[in-house]
Every structure is written in C-alpha cells, then in structure tokens.
Amino acid sequence: MMHQAPDPVIVTLLDEVERRLPELIVNVTDEIVGAIDLYQAAAPVPRDDLALSVGDNMREIVRALYGPAPDVSPAHETGRRRAEQSAPLPEVLRAFRIGFTEIWKVLAEQAALAGPDAVQELVSAATTLWSLADDYSVAVTQSYRDTAAEIMLRQQKERSVLVEALFSGNLVAQAELWQISEILQIPSDGVFVVVAAETPTLGKDALPEIESRLDAENLASAWRLTPELQVGVVSLRSRSAEEGVLELLRRHADARIGVSPAFRGLENTPRALHLARVTLASLPANRPGVRQFTESPLNALVASSPEEAVQLAHQVLSPVLRLGDDGVVLLDTLSAWFDSRGSTKEAAQLSYCHPNTVRYRLRKLQDELGRSLSNPADQAELLAALRALRTYPAAAVPLPAESAVGGRPPWPPTA
C-alpha cells in the first residue's frame, strides 16, 4: 500500500474525525461491549483494557489516514494481550472491524454534509481505509498467533516438569501437590490408575491422542513421554470407570501396556508407576497387549523388590527351570494347582488332563525341588517363586546353557 498525502477534502473530513475521537472511542467501546459477549461483565477482557486498546488503535488509524506509513504496534500489542487473556481471535478481529466501520461512518456523514465532490473524493479514498484495515488485521493475527504459540510452549514445559515431579515423587510439600493438581486439572485426592505403554520408536507415542480420547469420556489425564515409555496418570470419576479405561486401552493397544491397580491420592503415583512398569515387563515381548497389576500383599511384595524376587525364583525353582519343556509343564501344573486352591480335579480341568496326571506331575516337581506341597512353608516359597516368575519373566532366562533341555522357552509360557 502506498502512503501519500490525501486530497485536501479528505484532510478536512479527517480533521472532523480527529476532533470527535474521544466521543468515537467511547461509542466504539460501547458498541463492542454490546455486540460481543467476550467484552461483557465477568469476561476475560476488562472494559478498561478494551477502552485503552480502542483508543490506541483508533488514534493510530486516523493518523495513518493522513498519509504517513501506518504504525501497527498498537495492533500488535492488542493481539498479544488478547492471546494472554485467552480471547478468541475471531472476536478480536470483529472488534477491529467495528472500529473501522465507525470511522468510515463519520467520514461518510461529513462527506454527505460537504457535498457531492466530497463524497466522490471519499469513495476514491476508500481503498486506503480498507487496505489499512487489512494491515491491522494481519498485525493483530500475527501477534496473537505468535503469543499463543509462546504460551502453549511455556505451558507444555511447565506441564512436563509437573508431570515429571508427579511420577518421580520429588514433591516437598502438600502445597506443590495441590499446584500440580490445579494445573493438570486433576483432583489431588481422587481415584487414579497409572498407565505405562512401551514406545514403538524413539520419541513416538505408543498411544496417540490418548489424552483427547480419555477427555471425550470425561476422564482427565496427564502424560509424559520418555525414550522407552509413554506414561500417564488417569483420574477416574469412580472405581467403576476403571474398566472403561482398560477397554479403551485395549481398543488402541499397538504395544505392551501395563496398568497399575486403582489407587487414591496423587502422592501415591510413583508407586503406581512402578507397578505399571512391572506389569508391562511381565507381558510377552513384541506382542501388543494390556495387563493390569493384580493387587495382593504377595504381588505387592514381589513387585517392591525386583532383585530379591528374581533371586527367590532362581533359588527355589532352578532345578525345574533347567528341565526345558518338561519343566514348563511342571510349572504350568503347579500354577493351575495353586489357582484351583489345591484341588487336583480343578487343576486337571485347567490343564486339560486327567487328575492322575496332575498328581504325577506334582510328585515329580516335589522330587526335583526337594520340597513338599503338604508343608505350608514350602507352599509359601513355591507360590512366591511362581509370582516372581510371572512378574519378572526374564528371571527364568539366565540359566546355564549346557543345563537347558529342549527348545521351548523357560516358564512362564509366552503364549
């Protein structure tokens, strides 16, 4: 747009606009407030702030119409402030159109009073006014979007730090927990589950759009991406919502996903994350699936001490683990016997074999391990060792190569 001194007739019209500017600023402010809800009572933009912006911008618009190149810094400032106030950009641009329209109305009224020649000159000069309106719209939009992007980046960084603190447990005061709760928009004393999903590649979400999908179910959540995992804490409306979360995860599971048991209180998030990670590790490698940690005192004890749990599994079960395929069958049968509360008949049904076969396998297992299923202490150690293998499948792997028999992987089975 070229900027040159306007025709003397236009200067006379502009002089009248400039003289009436205080009145125009009040009128435009009133019209914007009446036409746009954004600027009404209890809205994010106070009336004083609006009046200040209207005045700064209208004075600069009139000055630019006299001929100098426009200074769009007031428009930039307005765009910045409105972005910080979370005012919708379309409504901000609408307010600017109202301002330009009012200036045009005054110019048209004065031209009509001055006569046909003034009207003709104003029509010829209309392009300048509306080109100036375009300049202002571009300036407002650019400033608004730049500021909104900066705010979003700042919020993402702040959110990331808070989520990291939540999962790591690096909270030094209850006040910080409340701050995290407020910013992440999740209740500090609600019911939650933690989800740990294995990332397919570095920096790629295992569960794309999971936060928005949960939000559509009225479930707030907060997520963090690490090189190996995408982890999130999900706020449940109640414990009844837990199954809905699991079902949603199953529908979108393209990776191994471990889920903690439901728990109360954000301060317990670090422990829940540990349980979710342990559960993830118990899933078969390279096979998508969702598994939730089964809460029990024994499972919790095994999960709380990984090294001791692995050592227990080796110490108690190594003789059977070295039997290869035969060892897998024996451990499967023992697991079915425990799941059946010591019933040989029910264990046979679970194992798809005859009860006598179950009895034979259990006797052979007791002979190999030198332990008795009629001894409560031995039972306790065997059950704990089985839970350790279920929780940490890798515990069955580090066996001497020369002692392994057959080609079947160690227990627990991955099928």
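Going by the numbering used here, the sequence shown wraps up at 416, each residue one higher than the last. We treat Cβ as the ideally placed atom computed from N, Cα and C, and that holds for glycine.
Quiz prompt | Residue interval of the beta strand (DSSP E) (run including R225) | solution = According to the DSSP assignment, R225 belongs to the beta strand (DSSP E) that extends over 222–226.
Quiz item: Would you say the segment 263–275 touches the segment 203–211, given that touching needs at least three Cβ pairs under 8 Å?
Solution: Contact fails: fewer than three Cβ-Cβ distances are below 8 Å.
Quiz prompt | Beta-bridge pairing of E199 - partner residues as DSSP gives them | solution = Beta-bridge pairing by DSSP links E199 to L230.
Quiz item: Which residues share a DSSP beta bridge with Q293?
Solution: Bridge partners of Q293: V260.
Practice problem: Evaluate contact between the segment 13–26 and the segment 93–113, counting only Cβ atoms and requiring at least three cross-stretch pairs below 8 Å. | Solution: These segments touch.
Practice problem: Give the secondary structure of R81 by DSSP, where H, G and I count as helix, E and B as strand, and everything else as coil. | Solution: Helix.
Practice problem: Pair every Cβ in the segment 145–164 with every Cβ in the segment 95–104, then say whether three or more of these pairs are closer than 8 Å. | Solution: No, they do not touch.
Exercise. Please list, in chain order, all residues of the same chain as A115 whose beta carbon is under 8 Å from its beta carbon, the five residues on each side excluded.
Key: V10, T13, L14.
Exercise. Return the CA-CA distance between Q156 and V27, expressed in angstroms with no decimal places.
Key: A straight line joining the alpha-carbon of Q156 with that of V27 spans about 36 Å.
Practice problem: Counting only the same chain and skipping the five closest in sequence on each side, list residues whose C-beta sits under 8 Å from that of P7. | Solution: Once the five neighbours on either side are set aside, the close Cβ partners of P7 are L15, L66, Y67, G68, A126, T129.
Quiz prompt | Three-pair Cβ contact test at 8 Å for the segment 349–363 versus the segment 376–391 | solution = No, the segment 349–363 is not in contact with the segment 376–391.
Practice problem: On the DSSP bridge assignment, give the partners of V192 in chain order. | Solution: In the DSSP output, where bridge partners are listed per residue, V192 has L237, R265.
Practice problem: Determine the contact status of A263 and E243, defining contact as a CB-CB distance below 8 Å. | Solution: Yes.
Exercise. Decide if T392 is buried, meaning its Cβ has at least 16 other Cβ atoms within 10 Å, or exposed.
Key: Around the C-beta of T392, 16 or more other C-beta atoms lie within 10 Å, and the residue is accordingly described as buried.
Quiz item: Sorted by chain position, which residues of the same chain lie with C-beta nearer than 8 Å to W179's C-beta, five sequence neighbours on each side aside?
Solution: So the qualifying residues of the chain are S189.
Quiz item: In its own chain, which residues sit with a C-beta less than 7 Å from the C-beta of K365, not counting the 5 before and 5 after it?
Solution: Apart from the 5 residues on each side of it in sequence, K365 sits with its Cβ closer than 7 Å to the Cβ of L331 in its chain, given in chain order.
Quiz prompt | Anticipated Cβ contact below 8 Å, V73 with A140, distance rounded | solution = Confirmed, Cβ separation roughly 4 Å.
Exercise. Quick one: residues in its chain with C-beta nearer than 6 Å to the C-beta of S144, no 5 flanking neighbours on either side, listed in chain order?
Key: These residues qualify, in order along the chain: H77, G80, R81.
Practice problem: Taking 8 Å as the threshold, find out whether the segment 272–290 comes into contact with the segment 313–324 through three or more Cβ pairs. | Solution: Touching, no, given that fewer than three Cβ pairs across the two stretches are closer than 8 Å.
Quiz item: Run through DSSP, which three-state label would P271 get?
Solution: Looking at P271 - three-state DSSP - the assignment turns out to be helix.
Quiz item: Going by the CB atoms, is the gap between R225 and F168 shorter than 8 Å?
Solution: At a Cβ-Cβ threshold of 8 Å, F168 and R225 count as neighbours.
Exercise. Classify S344 as helix, strand or coil using the three-state DSSP reduction.
Key: Coil at S344, not helix or strand.
Quiz item: Beta carbon of R417, beta carbon of G245: below 8 Å?
Solution: Lying before the first or after the last residue shown, residue 417 is absent from the chain, which here runs from 2 to 416.
Exercise. Run the CB neighbour count on T227, radius 10 Å, all protein chains shown included, and call it buried at 16 or more, exposed below.
Key: By the 10 Å Cβ count, T227 comes out exposed.
Exercise. Buried or exposed for E103, please, with buried defined as at least 16 other CB atoms from any protein chain shown within 10 angstroms of its CB.
Key: Classification of E103: buried, given that the 10 Å Cβ count is 16 or more.
Exercise. For T1, count neighbouring Cβ atoms within 10 angstroms of its own Cβ and tell me buried if that reaches 16, exposed if not.
Key: A query on residue 1 cannot be resolved here, the shown segment of the chain reaching from 2 to 416 and no further.
Quiz prompt | Closer than 7 Å: R288 CB and nearest the ligand ATP heavy atom | solution = Absence of the ligand ATP is noted for the structure shown, with no ligands found whatsoever.
Quiz prompt | Delimiting residues of the alpha helix (DSSP H) encompassing G245 | solution = Here the alpha helix (DSSP H) through G245 covers 243–252.
Practice problem: Please report how far the alpha carbon of L39 lies from the alpha carbon of E92, in whole angstroms. | Solution: Looking at the two C-alpha atoms, the distance is approximately 7 Å.
Quiz item: CA-CA distance, L374 and K346?
Solution: If I take the Cα positions, the gap works out to 16 Å.
Quiz item: In angstroms, rounded to a whole number, what distance separates the CA positions of F339 and A349?
Solution: Computed Cα separation, rounded: 12 Å.
Quiz item: Going by C-alpha distance, which of L274, Q121, S182, E218 is nearest A197?
Solution: Comparing Cα positions, the closest option is L274.
Quiz prompt | Extent of the continuous alpha helix (DSSP H) to which D16 belongs | solution = Residues 9–20.
Quiz item: Considering only C-alpha positions, which residue in the set V235, S241, L123, Q316 is nearest to S261?
Solution: Closest in C-alpha terms to S261, from the list V235, S241, L123, Q316, comes V235.
Quiz item: Which word fits R265, buried or exposed, when buried means at least 16 other C-beta atoms lie within 10 angstroms of its C-beta?
Solution: Label assigned to R265: exposed.
Self-check item: Nonlocal neighbours in the same chain, by C-beta distance under 7 Å from A221, ignoring five residues either side
Solution: Non-local C-beta neighbours of A221 in its own chain, meaning closer than 7 Å and more than five positions away in sequence, comprise Q186, I187, S236, ordered along the chain.
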